[in-house]
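Asker: Below is the structure I would like to discuss, written out as structure tokens.
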Amino acid sequence: MLIDISHAAIPAHHPLPKIIEDCGEYWQETVEGLVFPAWGHRGPNFNSSVFCKPPLPDELIGKDFPETDVISVLKFCSERNLEFWLALNVTLPFVRSGAAHVKDNLNRSSPQCCIVSPATLQALELCLQDLAKECQAANLGIQKIVIPTQDLWGMSAGQGEIALTCFCRNCQNWLSAHNIDVQYLLANPRIWQLLLADTGDAISPADNITRATTAGDVVAWSEGQTFYAFKELDQLRKERATRQEIVYRRRELETDAQKLLDYTHKASDMTGEYLVKYIAACKRLLGITTAAVVADASPYDWTSRMYFEDFDLADLRDRVTALDVTWEVWHEPSNEVAMLTRTPHRLYLHARARYLLDAFAERLDDAVNPITAGTTALSRERARSELRDRALKSRVSLLTAADGRIAERNQNTKGCVGSVLCLRGLIDVLCRAAYPDWDTKKPEVAPDLQEFFRAVTQSRQED
Ligand SMILES: [Zn+2]
Numbered sequence: 083m084l085i086d087i088s089h090a091a092i093p094a095h096h097p098l099p100k101i102i103e104d105c106g107e108y109w110q111e112t113v114e115g116l117v118f119p120a121w122g123h124r125g126p127n128f129n130s131s132v133f134c135k136p137p138l139p140d141e142l143i144g145k146d147f148p149e150t151d152v153i154s155v156l157k158f159c160s161e162r163n164l165e166f167w168l169a170l171n172v173t174l175p176f177v178r179s180g181a182a183h184v185k186d187n188l189n190r191s192s193p194q195c196c197i198v199s200p201a202t203l204q205a206l207e208l209c210l211q212d213l214a215k216e217c218q219a220a221n222l223g224i225q226k227i228v229i230p231t232q233d234l235w236g237m238s239a240g241q242g243e244i245a246l247t248c249f250c251r252n253c254q255n256w257l258s259a260h261n262i263d264v265q266y267l268l269a270n271p272r273i274w275q276l277l278l279a280d281t282g283d284a285i286s287p288a289d290n291i292t293r294a295t296t297a298g299d300v301v302a303w304s305e306g307q308t309f310y311a312f313k314e315l316d317q318l319r320k321e322r323a324t325r326q327e328i329v330y331r332r333r334e335l336e337t338d339a340q341k342l343l344d345y346t347h348k349a350s351d352m353t354g355e356y357l358v359k360y361i362a363a364c365k366r367l368l369g370i371t372t373a374a375v376v377a378d379a380s381p382y383d384w385t386s387r388m389y390f391e392d393f394d395l396a397d398l399r400d401r402v403t404a405l406d407v408t409w410e411v412w413h414e415p416s417n418e419v420a421m422l423t424r425t426p427h428r429l430y431l432h433a434r435a436r437y438l439l440d441a442f443a444e445r446l447d448d449a450v451n452p453i454t455a456g457t458t459a460l461s462r463e464r465a466r467s468e469l470r471d472r473a474l475k476s477r478v479s480l481l482t483a484a485d486g487r488i489a490e491r492n493q494n495t496k497g498c499v500g501s502v503l504c505l506r507g508l509i510d511v512l513c514r515a516a517y518p519d520w521d522t523k524k525p526e527v528a529p530d531l532q533e534f535f536r537a538v539t540q541s542r543q544e545d
């Protein structure tokens, strides 16, 4: 199996030889390779002429385990005959550029790059050129990359509005050129509520739509879920509207639903097209031979704007294969409906974990970053509480690993990928490194979920 190292600082706290040994013991499997991030939220994990490599925190300088950058981890893998996978977050979270940032349908920007923007691809190419030089100097090569797709485009909700990305100029132009009525979607933000509901603290999406879903299905579903269609039609009934008026309103809702479905279809085409462009850049600059994506296994994933079934389409696979690159998909094991039948795949053992672990790593970055960590006491407290929140969510998500291993035995997969953060106490070690007073200032002590997890797996083995 492969072990995913979510953050470059992890080997400083848990050295690579120990990661291999402990993960092998934990999973009872041979560790065949490591997944290491090309960059984090503070910058590339290699020397770059354009973007600063984040400095190591003071307490780590001069320590005996130096594998906290791409080249040294690559060297480690090459010496031990392990596979090396470079994880590429193509939203380049360290790039501060309004020209490249995503924009939601209410015209607000977020600090992550939109992969449709030419500026994003250019910045990625600059980074990969630097990395290619470092590889050449070290006489090492990178053959395999993995692109997480679960958080390419974020969503938020508040005050009765759903905000979804991305409607930047580049996305608008692409969608318009593919016959999507972008101006109608922007002028009528309420129609998104046919498929997405603001439940107060989260968005509840209709993620069960497939390419075969019809506008009638959407309205019926939205009514059944007491979403937007239910509210609209219920209001008419209360106003004692005639049957004909209700039929007319339902037709209008179906017309809107069709516009949303046209959008989701084209948006999925767009994600596929741009993933191929990024894989092509990796082929050209690094000479890779294998490319994988990490995908959410729901039939339609709103934050990757991709139908899961599209990962299995000959068209997408052929375009990657035409680059002389082998294509595979890593997905969570929780969804048994949407299994790939023609595309090689691996199980990412934790449902939604890649996304949650990335969110945890992002807050960890903020905490150790001298710029953000040095701001006011209030924001420091907030950063700490966010880190705690994300640490807890990560732990809960890692628990689902047990189900993954059971599913693995029933499927013909290329293997599985586990997270190093499953190792006992590692999340706390990292939090403690970010905040030395982590233990004393921890208000509510969470039950040790690892213990719980061990108890569950033990009882299963006994069965
Ligand atoms: Zn965009």
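According to the working numbering, the sequence shown holds residues 83 to 545 in order. Every residue, glycine too, gets a C-beta built ideally from N, C-alpha and C. No experiment lies behind these values; they were computed from the predicted model shown.
#1: Give me the DSSP bridge partner(s) of Ile227.
#2: Cα separation between Ile328 and Val264?
#3: What does the alpha-carbon distance come out to for the pair Ser541 and Asn187?
#4: Excluding five sequence neighbours on each side, which residues of the same chain lie with their C-beta closer than 6 Å to the C-beta of Ala182?
#5: Buried or exposed, going by whether 16 or more other CB atoms sit within 10 Å of the CB of Asn163?
#6: Along the chain, where does the beta strand (DSSP E) containing Ser238 start, and where does it finish?
#7: Opposite Tyr382 in the DSSP bridges: which residues?
#8: Would you be able to state if there are at least three C-beta pairs under 8 Å between the region 319-334 and the region 167-181?
#9: Is any heavy atom of ligand 1 found at a distance shorter than 8 Å from the C-beta of Thr324?
#10: Can you tell me where the alpha helix (DSSP H) holding Gln218 begins and where it ends?
#11: Distance check for Leu395 and Tyr437, CA to CA, integer angstroms please.
#12: Helix, strand or coil: how does DSSP classify Glu111 here?
#13: Roughly how far, in whole angstroms, is the beta-carbon of Ser131 from the beta-carbon of Asp212, given that I think they are within contact range, below 8 Å?
#14: Considering Gln317, what are the terminal residues of the alpha helix (DSSP H) in which it resides?
#15: Measure the C-alpha to C-alpha separation of Gly282 and Gly369 and round it to an integer number of angstroms.
#16: Would Gly507 and Met83 qualify as a contact pair, given that the criterion is a beta-carbon distance under 9 Å?
#17: Starting from Gly500, trace the beta strand (DSSP E) both ways and give me its first and last residue.
#18: Check Tyr546 in the structure and name its three-state DSSP category.
#19: Let's see if you can read the secondary structure: which residues bound the beta strand (DSSP E) around His96?
#20: Measuring only from the beta carbon, is Ser131 closer than 8 Å to any heavy atom that is part of ligand 1?
#21: Compute the Euclidean distance between the alpha carbons of Ile87 and Thr150, then round it to the nearest angstrom.
#22: Quick one: measure Cβ to Cβ for Cys159 and Leu116, integer angstroms, because I've assumed they're closer than 8 Å.
#23: Helix, strand or coil for Leu273 per DSSP?
#24: Can you tell me where the alpha helix (DSSP H) holding Cys364 begins and where it ends?
#25: What is the DSSP secondary structure of Ser192, counted as helix, strand or coil?
#26: Please work out which residues of its chain come closer than 7 Å, Cβ to Cβ, to Ala297, disregarding the five sequence neighbours upstream and downstream, and give them in chain order.
#27: Have a look at Val376 and Asp447 and give me their C-alpha separation to the nearest angstrom.
#28: Give me the Cβ distance between Thr292 and Pro193, rounded to the nearest whole Å; I'm assuming they're in contact under 8 Å.
#29: CB Ala449 to CB Arg428, shorter than 9 Å?
#30: Compute the distance between the beta-carbons of Glu243 and Asp289, then report whether it is under 9 Å.
#31: Relative to the C-alpha of Ile227, which candidate in Leu367, Val478 and Ala443 has its C-alpha closest?
#32: Identify the continuous beta strand (DSSP E) that holds Thr408 and give its terminal residues.
#33: Take Leu246 as the anchor and find which of Pro230, Ser286 and Ile101 has the nearest alpha-carbon.
#34: Between which residues of its own chain and Glu305 is the CB-CB distance below 7 Å, once the five residues before and five after are set aside?
#35: Is Pro518 buried or exposed, if buried means 16 or more other CB atoms sit within 10 Å of its CB?
#36: Assuming contact is defined by CB atoms lying nearer than 9 Å, are His432 and Leu480 in contact in what I supplied?
Answerer: The relevant details are as follows:
#1: Leu168 and Ala373
#2: 27 Å
#3: Unreliable positioning characterises Ser541 in this predicted model, as indicated by a pLDDT of 46, which lies under 50. The coordinate reading is nonetheless provided below. Cα-Cα distance, rounded: 49 Å.
#4: Cβ neighbours of Ala182 beyond the five flanking positions: Cys195, Ser199, Ala201 and Thr202.
#5: exposed
#6: Met237 to Gly240
#7: Tyr389
#8: With a cut-off of 8 Å on Cβ pairs, the region 167-181 is not in contact with the region 319-334, counting fewer than three such pairs.
#9: The closest heavy atom of ligand 1 lies 8 Å or more from the beta carbon of Thr324.
#10: Pro200 to Ala220
#11: 24 Å
#12: coil
#13: 6 Å
#14: From DSSP, the alpha helix (DSSP H) with Gln317 extends over Tyr310 to Lys320.
#15: 47 Å
#16: no
#17: Boundaries of the beta strand (DSSP E) around Gly500: Cys498 to Ser501.
#18: Lying outside 83 to 545, the shown extent of the chain, residue 546 is not represented and no answer is given.
#19: Counting along the chain, His96 falls outside any beta strand (DSSP E), and DSSP gives it neither H nor E.
#20: Because no heavy atom of ligand 1 lies under 8 Å away, the Cβ of Ser131 does not count as near it: no.
#21: 10 Å
#22: 6 Å
#23: The question names Leu, but residue 273 is Ile in the sequence shown. In this structure, Ile273 counts as helix in the three-state DSSP scheme.
#24: Arg325 to Leu368
#25: strand
#26: Glu336, Ala339, Gln340 and Leu343
#27: 22 Å
#28: The Cβ separation is near 33 Å, so there is no contact.
#29: no
#30: no
#31: Leu367
#32: Thr408 to His413
#33: Closest by alpha carbon: Ser286.
#34: Excluding its 5 nearest sequence neighbours in each direction, Glu305 has C-beta neighbours in its own chain below 7 Å: Ala311, Phe312 and Leu315, listed in chain order.
#35: Label assigned to Pro518: exposed.
#36: Leu480 is positioned such that its CB atom lies closer than 9 Å to that of His432.
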